[in-house]
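Read through the structure below, which is laid out as structure tokens, and then see the notes.
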Amino acid sequence: MPARAQQVEPNHHFVTIRVTDAASLDRILAMDFDLASCQKLELPVHLLEVFATDADIEKMRIAGLDYRIEIRDYEKHIAKQNAGFTSPFALTPPVGQGAMGGHYTLAQIEAHLDKFAKDHPTLCTAKVSLGKSVEGRDIWMVKISDNVQVDENEPEVLYDAVHHAREPLSVTTTLVYMDWLLSNYATDPTAKRIVDTRELFFVPVVNPDGYEYNRSTNPNGGGMWRKNRRNNGSSYGVDLNRNWTTGWSAPNGGNSTNPTSETYRGPAPMSEPEIQALDAFLKTRKFVLGCSAHTYTDILLRPWGYQSGDPTNVADYRVIDAAATKVNQINAGAAADVLYIAAGTALDHYHVAYGMFGYSPELGRSNEGQFWPNPTNQVAISNRHQDMFKTFSLAAGSSIDIVKVQMAEGPGSNANGIIEAGESAAIRVTIENGGALATLTNVTATISPSTSGVTVTRGMHDFGTVAKFTKADNTTSPLLLAVATGFSAPSIKFDLDIQYEGNSVKETFDIPVQQPFEIIGTDFETNLGFATDPADTATTGRFERAAPQGTTLNNVQIQPNQDATPNGTLCWVTGASSGTSVGANDVDGGFTTLVTPTIDLSHVRDAKLEFQLWYAETGSNPDPFTVAMSRDGGTNWTTLFTRTNTGANWTATSLDIPAPLTATMRFRFRAQDTIQASVVEALVDDLRIVGVTNPANMSLLGGGQRGSMLRLAFHGVSGAAGLPLLSTTTQDIAVPGIGGRLLVGFTGLVILPPFAYGTENRVVLDGPIPQDASLVGIRFYWQQLLVNGSSLQLGNSPSIRVQ
């Protein structure tokens, strides 16, 4: 191995720069800082994350930038963070127990590859050198497939990592995926499906010299060397992910001609032996998709990087985007648009030179340790993105998944919305080919019920072949089930088996026999604990529960004169008063948020969030109105709906609430005026949760504030009686002769007056929460005992804490 040149590297500091306009952003990008991340806040505000030397910070000061030093002496910070962590050098240590601050050293990575091949010789090849690095190190590759020594005619996928030497989580996540494929091949249907039908090639370390250099200078992690180790004369290194041909000399920036820069592109495209070796290998294969892993920011990047905009097959990309980010819920898009201009990158070259789908996932978040997360976060990050890596494998060929299954009354039924004894059930299935190739064989669906009293009358459907990135359904020819006389189950359970190309995709469904109905809701005439967010930034037009006052602009109604509820008055509106002009009390200068109380929906299936929305936005570059959900009481949010187009009328809106549903669901409505100064008004009314739940269950809606109201919705059956139980304690016991379990405790138990169910299977009661200060902090637990003739059934037990 050639001797490593010694040089003193400057210390780095982790710095954030706040940018409020596009021109300033372009000016900062031209200053050639070591840019790690670019987060879009409330547009157009950006927060740049930079690893800066003392000289860089001086440049920021002179330029008058709005910067903040978040972590001084980053390398020392990481060393201190990992000082208490020790791990012996072992052949195959678990994730987080590598010898470099929990991260794997180059020797440990190579040992992993050797062990994969030794333990799974029929599925994984021994490592093969694609060529040598600048300093003479091997660039290793391994292949994983079922007949691994045979070059089969199967879709091929490339996974590479560590183009940048300071990004160890890129290789860790890749190794975790390789291990999952091999260790679960015999037991996991998805792992077997991938290995049997794909040829996967892994190049875990594209930049071995830079990676080893970081170990030598910072053996406990924290090394900030990014480039390879080319000797430029007065400096070292070329950014390997700026050395690819495509976009290398693009006029939009995105790399540097300065050899001292962290994004130095090299003296010529493909000048570096590491890139030459990988490119030569690409020429020998027919890859459909390439995943070039990086860190950090938790976003998924695709072309273009060297220019703004999208490639012509962006529709196909977006299908893969959606599937790849379904579980990890990260943002996906063109690199130049969601991150920053980057020219001469692998993802653009994969796309242009080889017709591949080119992706670069940026793994991990800033608050998880930036480039060098601690051992706990190493495990969390690498696990979080495994589903994305699986999706890349599946997307390279035909890949059939079940999108939606619906059950309704079939032929000969009475059309009352309930599948009853003696009737039939029609099963309509929607499937999707989320892959880049059409299926080679017809796709069939077969149903097998397991609920007693249910038999098959039409059990198979042939979808024919399914083209790439398209859906198919059996709407006109549903699968049919017969329901026996005397059937009384609340749902029908069945297995659905999708067969194609020798693959089997199986799922079990348990679908209620009743159509969805209102679980709980509000017309906002009553105070049920909805609230605004203290973090709102809007200077005017914040949400309030009030009667709207009409405003117009150019004869267009911007804010209505009344709410959406017939005979109602109140709704949530962004500044109810009309003011002196249409723009006087609309949303200005930031965002405003309406948040629901915490709602227990753990007992609900097939749920939807429905509401009336009025949204008016007059800008040519409109601000988005968004609706998001949280499963953990408001800590983490997932966007369900985005609207930028103005409607200027009340619009019924229905959003699927994806499972799993929890006991701590919340929903958030946000309007903003930050992109462009314009008139923005948003109104929300008549909100309800629709879904299916079993008789005897109940739902609560309220924030628990003293003086506010609490709404209780009891679910039962017509002609039955409900007995509400209330307690300040809990238990979980079986009661002889009563279905379900008693969940409210005997201590503090109060049995409230019973009520009767009429023609509807739902009873709604409102009650005030007393102003009594002694109740603050006490949690009250509810439960219903449903009495239906001689049948007794206990339901769920929602609760509320008095505030």
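Every letter in the sequence shown is one number past the one before it in this note's numbering, and letter 203, counting from 1, is 203.
No residue lacks a Cβ here, since even glycine has one placed at the ideal position from N, Cα and C.
Report task. Given a cut-off of 9 Å, decide if H164 and G96 are closer than it, judged by their beta-carbon atoms. Result -> Translated into positions along the sequence shown, residue 96 becomes position 96. Translated into positions along the sequence shown, residue 164 becomes position 164. Against a cut-off of 9 Å, the Cβ pair of H164 and G96 comes out as no contact.
Query raised in the report: What did DSSP end up calling F281 once you bin it into helix, strand or coil?
Result: Within the sequence shown, the letter at position 281 stands for residue 281. Residue state, collapsed to three classes: helix.
Query - In chain order, each beta strand (DSSP E) run of at least 3 residues that lies wholly inside the segment 71-149 - result: 128-132 and 138-144
Query raised in the report: Using the C-alpha atoms, what's the distance from V717 back to T457?
Result: Along the sequence shown, one-based indexing puts residue 457 at 457. Along the sequence shown, one-based indexing puts residue 717 at 717. So the two alpha carbons sit approximately 30 Å from each other.
Query raised in the report: How big is the Cα-Cα spacing for G777 and G702?
Result: Within the sequence shown, residue 777 is the residue found at index 777, counting from 1. Within the sequence shown, residue 702 is the residue found at index 702, counting from 1. Between G777 and G702, the C-alpha separation is close to 15 Å.
**Report entry** Reduced DSSP secondary structure (H/G/I, E/B, other) of W180
**Finding:** In the sequence shown, the residue the question calls residue 180 occupies position 180. W180: helix per DSSP, three-state reduction.
Query raised in the report: Using the C-alpha atoms, what's the distance from I17 back to D73?
Result: Walking along the sequence shown from the start, residue 73 turns up at place 73. Walking along the sequence shown from the start, residue 17 turns up at place 17. Straight-line Cα distance between these residues: approximately 17 Å.
Query raised in the report: When burial is assigned at 16 or more other CB atoms within 10 Å of the CB, is Q370 buried or exposed?
Result: Taking the sequence shown and counting its residues from 1, the one referred to as residue 370 is at position 370. Result: buried.
Query - Distance between L792 and D188 (C-alpha atoms, nearest Å) - result: Along the sequence shown, one-based indexing puts residue 188 at 188. Along the sequence shown, one-based indexing puts residue 792 at 792. Between D188 and L792, the C-alpha separation is close to 42 Å.
Query raised in the report: Which residues in the same chain have their Cβ closer than 8 Å to the Cβ of E272, if we skip the five residues on either side of it in sequence?
Result: If you number the sequence shown from 1, residue 272 lands on position 272. Once the five neighbours on either side are set aside, the close Cβ partners of E272 are V134, N228, R230, V238, L240, N243 and G266.
**Report entry** Residue nearest to T639 in terms of C-alpha spacing, selected from F667, S261, Q612 and W650
**Finding:** Taking the sequence shown and counting its residues from 1, the one referred to as residue 639 is at position 639. Of F667, S261, Q612 and W650, the residue nearest in Cα terms is F667.
**Report entry** Through-space distance from G748 to F625, alpha-carbon basis
**Finding:** Reading the sequence shown from its first residue, position 625 is the one you call residue 625. Reading the sequence shown from its first residue, position 748 is the one you call residue 748. C-alpha separation (whole angstroms): 45 Å.
**Report entry** Cβ-Cβ distance between A538 and G589 below 9 Å
**Finding:** Residue numbering aside, residue 538 sits at position 538 when the sequence shown is read from its first letter. Residue numbering aside, residue 589 sits at position 589 when the sequence shown is read from its first letter. Yes, these two residues count as a Cβ contact at 9 Å.
Report task. Give the C-beta separation of A323 and L301 to the nearest angstrom, bearing in mind that I take them to be a contact with Cβ-Cβ under 8 Å. Result -> On the sequence shown, residue 323 is found 323 positions in, with the first residue counted as 1. On the sequence shown, residue 301 is found 301 positions in, with the first residue counted as 1. About 16 Å; that fails the 8 Å criterion.
Requested in this report: Per DSSP, which residues does G464 bridge with? Please list them.
Outcome: Walking along the sequence shown from the start, residue 464 turns up at place 464. Answer by DSSP bridge pairing, in chain order: V443.
Report task. Name the one or two DSSP bridge partners that S360 has. Result -> Position 360 of the sequence shown, counting from 1, holds the residue named residue 360. L301, per the DSSP bridge assignment.
Query - Distance, S145 Cα to F201 Cα - result: One-based indexing of the sequence shown puts residue 201 at position 201. One-based indexing of the sequence shown puts residue 145 at position 145. Whole-angstrom Cα-Cα distance: 9 Å.
Query - Alpha-carbon spacing of L43 relative to D536, whole angstroms - result: Residue numbering aside, residue 43 sits at position 43 when the sequence shown is read from its first letter. Residue numbering aside, residue 536 sits at position 536 when the sequence shown is read from its first letter. Confidence at L43 is low in this model, with a pLDDT of 40, below 50, so its placement is unreliable and the value that follows should be read with caution. Computed Cα separation, rounded: 15 Å.
Report task. With DSSP as the reference, please indicate the residues paired to Y757 in a beta bridge. Result -> The residue you call residue 757 lines up with position 757 of the sequence shown. DSSP output for Y757 lists no bridge partner at all.
Requested in this report: Take every Cβ of the segment 758-768, pair it with every Cβ of the segment 734-742, and state whether three or more of those distances are shorter than 8 Å.
Outcome: no
Query raised in the report: Between T729 and the rest of its own chain, which residues show a CB-CB distance below 6 Å, the 5 nearest in sequence each way excluded?
Result: Indexing the sequence shown from 1 puts residue 729 at position 729. Taken in chain order, the residues that qualify are G745, T747 and G748.
Report task. Starting from E409, follow the beta strand (DSSP E) in both directions and report where the run begins and ends. Result -> Position 409 of the sequence shown, counted from the start, is the residue given in the question as residue 409. Segment I400 to E409, the beta strand (DSSP E) holding E409.
Report task. Give the C-beta separation of G459 and T446 to the nearest angstrom, bearing in mind that I take them to be a contact with Cβ-Cβ under 8 Å. Result -> By 1-based counting over the sequence shown, the position of residue 459 is 459. By 1-based counting over the sequence shown, the position of residue 446 is 446. That belief holds up - the Cβ atoms of G459 and T446 are roughly 6 Å apart, short of 8 Å.
**Report entry** Close Cβ partners of E518 (< 6 Å) along its chain, the five nearest in sequence each way excluded
**Finding:** Position 518 of the sequence shown, counted from the start, is the residue given in the question as residue 518. Cβ neighbours of E518 beyond the five flanking positions: R688 and V690.
Query raised in the report: Are the segment 272-287 and the segment 311-328 touching by the rule of at least three beta carbon pairs closer than 8 Å?
Result: no
Query raised in the report: Is the CB-CB distance between P204 and T174 below 9 Å?
Result: Counted from its first residue, the sequence shown places residue 204 at position 204. Counted from its first residue, the sequence shown places residue 174 at position 174. Yes, these two residues count as a Cβ contact at 9 Å.
Query raised in the report: Going straight from the alpha carbon of S399 to that of A380, what length do you get?
Result: By one-based count along the sequence shown, residue 399 stands at place 399. By one-based count along the sequence shown, residue 380 stands at place 380. Those two C-alpha atoms are separated by around 27 Å.
**Report entry** Beta carbon of A421 nearer than 9 Å to that of F487
**Finding:** Numbered from its first residue, the sequence shown carries residue 421 at position 421. Numbered from its first residue, the sequence shown carries residue 487 at position 487. The answer is yes: Cβ separation under 9 Å.
Query - Range covered by the beta strand (DSSP E) that runs through E518 - result: Locating residue 518 in the sequence shown gives position 518, counting from the first residue. F517 to T522 is the extent of the beta strand (DSSP E) around E518.
Requested in this report: Could you pull out every residue in the same chain whose Cβ sits closer than 7 Å to the Cβ of Q406, ignoring the five residues on either side in sequence?
Outcome: Taking the first residue of the sequence shown as position 1, residue 406 is located at position 406. Excluding positions up to five away in sequence, the list reads R428.
**Report entry** For W614, the residue or residues it bridges with in DSSP
**Finding:** By one-based count along the sequence shown, residue 614 stands at place 614. L683.
**Report entry** Per DSSP, the bridge partner or partners of K608
**Finding:** Residue 608 sits at position 608 when you count from the first residue of the sequence shown. Looking at the DSSP assignment, K608 forms a beta bridge with D656 and V690.
Query raised in the report: How is the alpha helix (DSSP H) around P375 delimited, first residue to last?
Result: As a position in the sequence shown, residue 375 is number 375, starting the count at 1. Start and end: P375 to R384.
Query - Integer Cβ distance of F392 from Y359, believed to fall under 8 Å - result: The residue labelled residue 392 in the question sits at position 392 within the sequence shown. The residue labelled residue 359 in the question sits at position 359 within the sequence shown. About 7 Å; that satisfies the 8 Å criterion.
Query raised in the report: Hey, L889 and H461: beta-carbon distance below 9 Å or not?
Result: Absent from the model: residue 889. The displayed extent of the chain is 1 to 803, so no value can be given.
Query - Alpha-carbon to alpha-carbon, A346 and T263 - result: Within the sequence shown, numbered from 1, the residue matching residue 263 stands at position 263. Within the sequence shown, numbered from 1, the residue matching residue 346 stands at position 346. Those two C-alpha atoms are separated by around 14 Å.
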